[in-house]
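Visitor: Chains as they are written, first to last, in my numbering: chain A, 122 to 383; chain B, -16 to 371.
(1) Would DSSP call residue 124(B) helix, strand or coil?
(2) When you compare the CB of residue 308(A) with every CB in chain B, is at least one pair closer than 8 Å?
(3) Which partner residues does residue 198(B) have in the DSSP bridge list?
(4) Please work out which residues of its chain come closer than 7 Å, Cβ to Cβ, to residue 203(B), disregarding the five sequence neighbours upstream and downstream, and give them in chain order.
(5) Which residue wins for smallest C-alpha separation from residue 84(B), given the options 332(B), -13(B) and 226(B)?
(6) Please list, in chain order, the chain B residues whose beta carbon lies closer than 7 Å to that of residue 311(A).
(7) So, are the CB atoms of residue 55(B) and residue 45(B) less than 8 Å apart?
(8) Just checking my contact of residue 346(B) with residue 352(B) at CB under 8 Å: how many whole Å lie between their CB atoms?
(9) Please go through the same chain and pick out, in chain order, the residues whose beta-carbon is closer than 7 Å to the beta-carbon of residue 189(B), but skip the five residues on each side of it.
(10) In terms of alpha-carbon separation, which member of 139(A), 343(A) and 133(A) lies closest to residue 350(A)?
(11) Would you call residue 298(B) buried or exposed, if buried means 16 or more other Cβ atoms sit within 10 Å of its Cβ?
(12) Cα-Cα, which of 223(B), 119(B) and 196(B) is closest to residue 291(B)?
(13) My output table needs one value for residue 107(B): the three-state DSSP class, helix, strand or coil.
(14) For a cutoff of 8 Å on Cβ pairs, would you count residue 315(A) as touching chain B?
(15) When the cut-off is 8 Å and only beta carbons count, does residue 4(B) lie next to chain A?
(16) Where do the ends of the beta strand (DSSP E) carrying residue 176(A) lie?
(17) Going by the DSSP bridge assignment, what does residue 204(B) pair with across the sheet?
(18) Who are the Cβ neighbours of residue 307(B) in its own chain at under 6 Å, not counting the five residues just before and after it?
(19) Report the residue from 126(B), 73(B) and 319(B) whose alpha carbon sits nearest the alpha carbon of residue 100(B).
(20) Within 8 Å (strictly less), CB to CB, does residue 62(B) reach chain A?
(21) Can you give the Cα-Cα distance for residue 256(A) and residue 128(A), rounded to whole angstroms?
(22) For chain A, find out if any of its Cβ atoms is closer than 8 Å to the Cβ of residue 1(B); answer yes or no.
(23) Looking at the unbroken alpha helix (DSSP H) that takes in residue 300(A), where does it start and where does it end?
(24) Let's see if you can read the secondary structure: which residues bound the beta strand (DSSP E) around residue 125(A)?
(25) Count the other C-beta atoms from every protein chain shown that fall within 10 angstroms of the C-beta of residue 53(B), then say buried if there are 16 or more, exposed otherwise.
(26) Is the segment 222 to 240 of chain A in contact with the segment 321 to 340 of chain A, if contact means three or more CB pairs nearer than 8 Å?
(27) Following the continuous alpha helix (DSSP H) through residue 336(A), name the residue where it begins and the one where it ends.
(28) Residue 148(B) to residue 173(B), Cα distance in whole Å?
(29) Between 166(B), 138(B) and 183(B), which has its C-alpha nearest residue 215(B)'s C-alpha?
(30) For a test of the three-state rule: what should DSSP assign to residue 118(B), helix, strand or coil?
(31) What residues are listed by DSSP as bridge partners for residue 267(A)?
(32) Examine chain A for any beta-carbon lying closer than 8 Å to the beta-carbon of residue 161(B), and answer yes or no.
(33) With DSSP run on the structure shown, which of helix, strand or coil describes residue 276(B)?
(34) Please tell me whether residue 199(A) and residue 167(A) are closer than 8 Å, where the distance is taken between their beta carbons.
(35) Taking the straight line between their C-alpha atoms, what separation do you get for residue 252(B) and residue 261(B)?
(36) Who are the near neighbours of residue 235(A) in its chain, counting only those whose CB is closer than 6 Å to its CB and skipping five residues on each side?
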């Protein structure tokens, strides 16, 4: 099975600080790490390879230092990886990101399965996986919590978590899935993997290399504009009702009507 | 943090990073539960196998990474910061594997070491018996030749990973009247006819490690399972222990470091008499002694490990020192850590009481620290006699 795993470098949540006046993240001095859900995506790819054989490639769009994320993925056991990197990619929203990633994946060749984490913990959109599937013209199953290979790897049976429960879905490959943290426990790197990662040649592909139109990438290709970012305020109130249960119910109904809820 | 520069190679730094990551992500979150339930840490052994750590000390031709004593020490030091029951389970497999590595034939190495390196099989070392502890020459377990077989009888006691390991290196008497020169080493496999496991011990510390009896009742093993020559068993055991002892010292360093880390963290937070207790000289001096003795122990372990890796043949005295000092330091430091944490330190909600319970075994197993002093003292006597 030929598997591509899309990952993203995000700020390390344990070292992040906020600029309270501007309401933004302080990026200076913050280490970058692989998005937590993406470890589950990598593990899903490696576990499938262990089970049915094949090759796991990993790709990311980001600045040149995103090579560190690829090296870490190689230390975990993926076969190879690339960084799609170009100044023109800066400021990309999910529309531009999925365009860029789809171009890169098509450049790399045909894959049986593309795996993404459910969402990145910095933007929290959960749009890149599904958007990428549309761009690639393949089916998409999001929020995968369990996975089984059917028909020698031509099909997958997936448990997709929903708000009210779960669906069991069968999908023919090629397909794209996004995975939850509950799918697996990511493995630790190996010494041989770490040594291989250190020496690995990690190609950097530019917009030109993947044949992307500059009007569709980065800020230029992004209709989304973030106007402001604010910290939410919590103005919830608490009130204890007293008296017999019947009186409390009457009082509660009165208050809910007053608040326009009933 | 100012740190001594031990001039580690890039590969050695990788070993440190990797084992530290495993300790933080896989060992520390479960150590209290493993201890409470006396649960064998199979999940962590699988993680260590996946990380290639069982391959560390095994030559490349047998599927290993070809590392030496230093690499092994660096790995166990970091793992010991998490839990020394887990670390001992890992290190015991090397202890059991050394006799095959040092004295096995090429066929024996080809047969056993690749699975050991891949972490598919654990090895256990069987020397101790009920009446043969420090006095290993008092072994009563016997092996008798019978055609194409050796027949083993007797019981080994307190064998680390007994019942869990697949491969056992066993020392048994083949010529009782020759004393220590009548001992021979053998490889026994789990499932061999007449080989079974006795009771699992309940221990003060090191509770996640399995410590069990091995029972040989007319256990028949093929002739080619002999390790080295007949009568070489005692030498094999001593060489194995010599090679393993710096690793025990490294476990002591890691454990003591973990106890210091907890102590400093606590002393900076705990407020009494209106200030953090680290501002009191009584606490500062304890912490200073702990930190200094740990660094001295680490420097000794690394220096001896490197001496062994550089090819020194006569290192019994040095490896005894590298076991003795760091493990005494570990006992002292973990005891002081409990003292600094006071009542909290005595409670199971904090990790230092387990560290103190666990530390005690380091002064006992793989040769008590009294035996280490004997080894060092006897070597001094010999060395100075030569100088005349």
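Even glycine gets a Cβ: it sits at the ideal position worked out from N, Cα and C.
Guide: Reading off the structure:
(1) The three-state reading of DSSP puts residue 124(B) in coil, since its state is none of H, G, I, E or B.
(2) Yes - at least one Cβ of chain B is within 8 Å of the one on residue 308(A).
(3) According to DSSP, residue 198(B) bridges with 138(B) and 179(B).
(4) Contacts found: 132, 134, 176 and 177.
(5) Of 332(B), -13(B) and 226(B), the residue nearest in Cα terms is 226(B).
(6) Close partners of residue 311(A) in chain B (Cβ separation under 7 Å): 33, 34 and 35.
(7) Residue 45(B) is positioned such that its CB atom lies no closer than 8 Å to that of residue 55(B).
(8) Right, the Cβ-Cβ distance comes to about 5 Å (below 8 Å), so this counts as a contact.
(9) 67, 68, 71, 341 and 344.
(10) Among 139(A), 343(A) and 133(A), the Cα nearest to that of residue 350(A) belongs to 139(A).
(11) By the 16-neighbour rule on beta-carbons within 10 angstroms, residue 298(B) is buried.
(12) When each option's Cα is compared against that of residue 291(B), the closest is 223(B).
(13) If DSSP states are grouped into helix, strand and coil, residue 107(B) belongs with the strands.
(14) Yes, residue 315(A) lies at the interface with chain B (some Cβ there is under 8 Å from its Cβ).
(15) Chain A contact via Cβ: present.
(16) For residue 176(A), the enclosing beta strand (DSSP E) has its first and last residue at 176 to 182.
(17) Beta-bridge pairing links residue 204(B) to 133(B).
(18) Apart from the 5 residues on each side of it in sequence, residue 307(B) sits with its Cβ closer than 6 Å to the Cβ of 352 and 355 in its chain, given in chain order.
(19) That would be 73(B), whose Cα lies nearest to the Cα of residue 100(B).
(20) The beta-carbon of residue 62(B) is placed no less than 8 Å from the nearest beta-carbon of chain A.
(21) Distance from the CA of residue 256(A) to the CA of residue 128(A), rounded to the nearest whole angstrom, comes to 17 Å.
(22) So, interface residue.
(23) Not the alpha helix (DSSP H): residue 300(A) falls in the beta strand (DSSP E), residues 296 to 300.
(24) 123 to 127 is the span of the beta strand (DSSP E), which, as asked, contains residue 125(A).
(25) When all chains shown are included, residue 53(B) counts as buried.
(26) Pairwise C-beta distances place the segment 222 to 240 of chain A in contact with the segment 321 to 340 of chain A, as three or more of them are shorter than 8 Å.
(27) Unbroken run through residue 336(A): none, as it is neither H nor E.
(28) So the two alpha carbons sit approximately 7 Å from each other.
(29) Of the candidates 166(B), 138(B) and 183(B), the one whose C-alpha sits nearest the C-alpha of residue 215(B) is 166(B).
(30) Coil.
(31) Its beta-bridge partners are 280(A).
(32) For residue 161(B), the nearest beta carbon of chain A is not closer than 8 Å to its own beta carbon.
(33) DSSP, reduced to helix, strand and coil, places residue 276(B) within a helical segment of the structure shown.
(34) Going by beta carbons, residue 199(A) and residue 167(A) fall inside the 8 Å limit.
(35) Approximately 8 Å, taken between the alpha carbons.
(36) These residues qualify, in order along the chain: 125 and 297.
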